[in-house]
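Engineer: Please see the structure below; I have some questions.
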Amino acid sequence: MTARTYPLNALRAFETSARHLSFVRAADELFVTPAAISHQVKRLETYLGVRLFRRLPNGLLLTEAAQRLLADLVEVFRQLDAAVGRIRESRTRGVITLSVAPMFAVKWLLPRLHSFGARHPDIDVRLSSSIEVVDLQRDGFDAAVRVGRGRYAGLETVKLFDETVTPLCSPHLLRGAPLRKPDDLQRFVLLHDDSMKHDPRAPTWTTWLQSAGATQVKASRGPRFNQPDHALQAAIDGAGVVLGWRYLAGDDIAAGRLIQPFELELPLRSAFHFVTPGSAARLPKVNAFREWMALELERAGAA
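With positions in the sequence shown counted from 1, the corresponding number in our numbering is that position plus 21.
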């Protein structure tokens, strides 16, 4: 016999009735009818093969078997209530579980996460980084950061920031061959970020070169990457010039690892959004993380 075979509803009905010695008061506590309580108790008596109550004109009397069962059940339900309470409490404070794209984790979140810990030492962050879009409620996530148009069925969405693309490269790459005009890119390896390949309106090297008026650069050549942070890292390592995500590269530009040789930036048409399922949208820990992100974005001038 395993715990899964136990008639838990019947056991709860018995335990409540035994404490009150009344089906009516048990029904009030469990928000059901007295008839439903009586039915559950009879079911349990059949299951156990023993009689649990003697019906008296003014109430109920526990049999010897019922007294033994009640003594154990009180402790069992106390432990069960405590276990459920701990899980419910973790939904309001203590741990926040997040699903984020790897590019956002590496280029924005992880370099700043220490400041969230300093601001909220009572909240631990559990981070899952994957290119797969997860079901937040099914998989137990409190929130996620997604890249898209902001239309996510069943989720509350807060836009974090827009993104643009522009040529970026290591300053060491330009020591012997400066980039003064867009057509100078013909002398460099072009690095391609194909992460938005599914969106026909997302800018590519072809669209950027056309917008910049370049006519001598072959846009199709060069290595391709399926993640923006991989393409940016290749540029940092001096592999070529990437049409990179300007905001995500902000820290690298500020640190001098990358430079932006041209002012022209094209909108990505997708933005970063903080999304939450309705069940978690108002949790204090989720509000705390959302507010912290807003402060960090404001500090960076992107709010």
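Just so it is clear, CB atoms sit at the ideal spot from N, CA and C, and this is done for glycine as well. Quick caveat: nothing in here was measured; it's all calculated off a predicted structure.
1) Can you name the residues that DSSP bridges to Pro-21?
2) On the DSSP bridge assignment, give the partners of Glu-177 in chain order.
3) Check the C-beta distance from Phe-162 over to Leu-119 and give it rounded, since I have them as a contact under 8 angstroms.
4) For Phe-137, does the count of other Cβ atoms within 10 angstroms reach 16, so buried, or fall short, so exposed?
5) Check Asp-205 in the structure and name its three-state DSSP category.
6) Distance check for Glu-184 and Pro-132, CA to CA, integer angstroms please.
7) Tell me the DSSP secondary structure of Thr-67 in three-state form.
8) Helix, strand or coil, according to DSSP, for Pro-199 in the structure here?
9) Among Asp-250, Asp-214, Gln-207, Arg-245, which one has its Cα closest to the Cα of Leu-230?
10) May I ask which residues mark the beginning and end of the beta strand (DSSP E) holding Ala-165?
11) According to the Cβ coordinates, are Phe-293 and Phe-182 closer than 8 angstroms?
12) Would you kindly work out how many angstroms separate the C-alpha atoms of Thr-84 and Arg-46, rounded to a whole number?
13) Restricting to runs no shorter than 3 residues, where is the beta strand (DSSP E) found entirely within the segment 65-151?
14) Looking at the unbroken alpha helix (DSSP H) that takes in Leu-211, where does it start and where does it end?
15) Whose CA, out of Phe-35, Ile-117, Val-71, Asp-49, lies closest to the CA of His-60?
16) So, helix, strand or coil for Phe-52, using DSSP?
17) What's the gap between the Cα of Arg-72 and the Cα of Asn-30?
18) Considering Cα atoms alone, identify which of Pro-55, Ala-164, Arg-140 is closest to Leu-304.
19) Please identify the residue among Val-95, Ala-321, His-41 whose C-alpha is closest to the C-alpha of Asn-79.
20) Are the segment 210-224 and the segment 280-292 in contact at 8 angstroms, needing three or more beta carbon pairs?
Structural biologist: Inspection of the coordinates gives the following:
1) Nothing can be reported for residue 21, as the shown portion of the chain is limited to 22 through 324.
2) In the sequence shown, the residue the question calls residue 177 occupies position 156. Answer is Thr-297.
3) The sequence position of residue 162 within the sequence shown is 141, counting from 1. The sequence position of residue 119 within the sequence shown is 98, counting from 1. Between Leu-119 and Phe-162 the Cβ distance is about 7 angstroms, and since that is below 8 angstroms, they are a contact.
4) By one-based count along the sequence shown, residue 137 stands at place 116. Label assigned to Phe-137: buried.
5) To locate residue 205, count along the sequence shown from 1; it is residue 184. DSSP places Asp-205 in helix when its eight states are reduced to three.
6) Locating residue 132 in the sequence shown gives position 111, where the first residue counts as 1. Locating residue 184 in the sequence shown gives position 163, where the first residue counts as 1. Computed Cα separation, rounded: 19 angstroms.
7) In the sequence shown, residue 67 corresponds to position 46, counting from 1. Correct three-state label for Thr-67: helix.
8) Against the sequence shown, residue 199 aligns to sequence position 178. Three-state result, Pro-199: coil.
9) Taking the first residue of the sequence shown as 1, we reach residue 230 at position 209. Nearest of Asp-250, Asp-214, Gln-207, Arg-245 to Leu-230, Cα basis: Gln-207.
10) Counting from one through the sequence shown, the residue named residue 165 turns up at place 144. Note, Ala-165: beta strand (DSSP E), 164-169.
11) Here the question's residue 293 lines up with position 272 in the sequence shown. Here the question's residue 182 lines up with position 161 in the sequence shown. Going by C-beta atoms, Phe-293 is nearer than 8 angstroms to Phe-182.
12) One-based indexing of the sequence shown puts residue 84 at position 63. One-based indexing of the sequence shown puts residue 46 at position 25. Approximately 19 angstroms, taken between the alpha carbons.
13) 74-77, 80-83, 116-121, 145-150
14) The count along the sequence shown starts at 1 and reaches residue 211 at position 190. Per DSSP, Leu-211 belongs to no alpha helix (DSSP H); it is in the beta strand (DSSP E), 211-214.
15) By one-based count along the sequence shown, residue 60 stands at place 39. Out of Phe-35, Ile-117, Val-71, Asp-49, Phe-35 has the C-alpha closest to the C-alpha of His-60.
16) The residue given as residue 52 occupies position 31 in the sequence shown. In the structure shown, Phe-52 sits in coil (DSSP, three-state: anything other than H, G, I, E or B).
17) Walking along the sequence shown from the start, residue 72 turns up at place 51. Walking along the sequence shown from the start, residue 30 turns up at place 9. About 18 angstroms.
18) To locate residue 304, count along the sequence shown from 1; it is residue 283. If we check each option's Cα against that of Leu-304, Ala-164 comes out closest.
19) Taking the first residue of the sequence shown as position 1, residue 79 is located at position 58. Taking only the C-alpha atoms, the option nearest Asn-79 is His-41.
20) yes
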